[in-house]
Amino acid sequence: AQTVTQSQPEMSVQEAETVTLSCTYDTSESDYYLFWYKQPPSRQMILVIRQEAYKQQNATENRFSVNFQKAAKSFSLKISDSQLGDAAMYFCAYRSSGTYKYIFGTGTRLKVLA
Amino acid sequence: DVKVTQSSRYLVKRTGEKVFLECVQDMDHENMFWYRQDPGLGLRLIYFSYDVKMKEKGDIPEGYSVSREKKERFSLILESASTNQTSMYLCASSFGGASNQPQHFGDGTRLSIL
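Line by line, the protein sequences give chains V and B. All residue numbers for the first sequence refer to the working numbering, where the first residue is 1 and numbers rise by one. All residue numbers for the second sequence refer to the working numbering, where the first residue is 115 and numbers rise by one.
In C-alpha cells:
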C-alpha cells in the first residue's frame with residue numbers, strides 16, 4: 001500500500017527567509033500525482049502546488065516550488081521569501097493514476113516569525 | 115471558483131445520537147470524499163463516492179455510513195455517536211477522470227460528542 005511520510009511535525013522560519021518542508025512516499029506505481037495543500041488556522045484547505053510524476057521539471061507557483069526526486073521518492077516544498085500569511089499546516093498528498101483515493105501525510109505546522 | 119459547503123462549522127451532540135453531516139458542491143464534480151482530521155494523524159479517508167448512489171469504504175469506515183442521492187450532495191452519518199468520534203470532519207470533491215485534478219475542500223465541521 002502507498003504511504004506518505006512528513007517527518008517534520010513543526011517548523012519555523014523567519015519572515016523573508018526560505019524554508020523547505022519534506023515529504024517522502026512509498027509506491028510501486030510509476031504513474032501518479034503529488035500535491036501540497038495548505039490549511040491556515042481555522043480556514044479552508046487549499047491547493048498550493050501539484051506535480052505529475054511523468055514530468056521531470058519541478059513545478060513552480062510564484063514563491064512556492066518543489067524538489068521532486070522520483071528515484072528517491074521525495075517531494076519537498078520550498079517556500080521562498082516567507083510571509084506571515086504562509087503560517088499554516090501543510091499536507092503532502094499522493095494519488096495514483098486511475099484511482100480515486102488521495103493519500104495524505106500527517107502534516108507539518110509552519111510558523112513564520114516576524 | 116469551486117465551492118464546497120459543509121452545513122455546520124461546529125456541532126455538539128450526545129453519545130448515542132444519530133448525527134448527520136451534510137456537504138454540497140457546486141461544480142458538478144463526480145467524486146466526493148469524507149475525511150476525519152486528528153492531530154498527528156493527518157487526514158484519514160472515511161468514505162468516498164464516485165457517482166450518485168455509489169460509495170466505497172475508505173480507511174476508517176467503522177461507525178459511519180454515507181448517502182449520495184444527488185450528485186452535488188454527500189452526507190456522512192454517524193449511526194450512534196461515540197466520544198471517540200469527536201474530531202474535525204472535512205468534505206472534499208474533485209473531477210473524475212484526470213488524476214492531476216486536485217481536491218477542493220469545505221471549511222470543515224468540528225464535531226464534539228459529549
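For glycine and all other residues, C-beta sits at the position ideal for the given N, C-alpha and C.
Beta strand (DSSP E) containing residue i: first to last residue?
i       : result
V166(B) : Premise fails: V166(B) is in no beta strand (DSSP E) and is neither H nor E.
S201(B) : S201 to S208
Y100(V) : Where Y100(V) is concerned, there is no enclosing beta strand (DSSP E), given that its DSSP letter is neither H nor E.
T119(B) : V118 to Q120
D26(V)  : T24 to D26
T108(V) : T108 to L113
L127(B) : Here residue 127(B) is Lys; the residue named in the question, Leu, does not match the sequence. K127(B) -> beta strand (DSSP E) spans Y124 to K127.
Q14(V)  : E10 to Q14
S226(B) : T223 to I227
T3(V)   : T3 to T5
Using a Cβ cut-off of 7 Å, pull out every chain V residue sitting near residue i, in sequence order please.
i       : result
Y203(B) : By Cβ distance, chain V contributes nothing, its closest Cβ being about 13 Å from Y203(B), past 7 Å.
S221(B) : Looking at the sequence itself, residue 221(B) is Asp, so the reference to Ser does not match. What D221(B) touches in chain V: Q44.
Could you list which residues in chain B have their beta carbon closer than 7 Å to that of residue i, in chain order?
i       : result
Y102(V) : Q217
R50(V)  : N214 and P216
L47(V)  : P216
Give me whichever residues DSSP pairs with residue i in a beta bridge.
i       : result
M141(B) : Paired residues: none, contrary to the question.
S179(B) : I191(B)
R150(B) : R158(B) and Y203(B)
E170(B) : F162(B)
A93(V)  : F35(V) and F104(V)
K184(B) : R187(B)
E136(B) : S189(B)
T20(V)  : K78(V)
Residue i touches chain B at which residues, Cβ-Cβ below 8 Å?
i       : result
T106(V) : G154, L155 and G156
F91(V)  : G156 and L157
Listing by chain order, which chain V residues have their CB less than 9 Å from the CB of residue i?
i       : result
L159(B) : K101, Y102, I103 and F104
Please compile the residues from chain V whose C-beta is within a distance smaller than 8 Å of the C-beta of residue i.
i       : result
Y164(B) : Y100
N198(B) : Result: empty, since nearest Cβ-Cβ is about 19 Å, beyond 8 Å.
Q.
I'd like the ranges of any beta strand (DSSP E) spanning at least 3 consecutive residues and lying wholly in the region 40–88 of chain V.
A. 46–52, 64–69 and 74–79
Q | Cβ contact check for the region 158–174 of chain B and the region 132–148 of chain B: 3 or more pairs under 8 Å | A | yes
Q. Are the region 60–72 of chain V and the region 1–9 of chain V touching, with three or more C-beta to C-beta distances below 8 Å?
A. With a cut-off of 8 Å, the region 1–9 of chain V and the region 60–72 of chain V do not count as touching, because too few Cβ pairs lie within range.
**Q.** Given 8 Å, three or more beta-carbon pairs between the region 91–98 of chain V and the region 23–43 of chain V
**A.** yes
Q. Do the region 65–78 of chain V and the region 17–25 of chain V meet, that is, are 3 or more Cβ pairs less than 8 Å apart?
A. yes
Q) Would you call the region 190–208 of chain B and the region 123–132 of chain B touching, i.e. three or more CB-CB distances under 8 Å? A) yes
Q. Should the region 79–88 of chain V be called in touch with the region 97–111 of chain V, which here means at least 3 C-beta pairs below 8 Å?
A. yes
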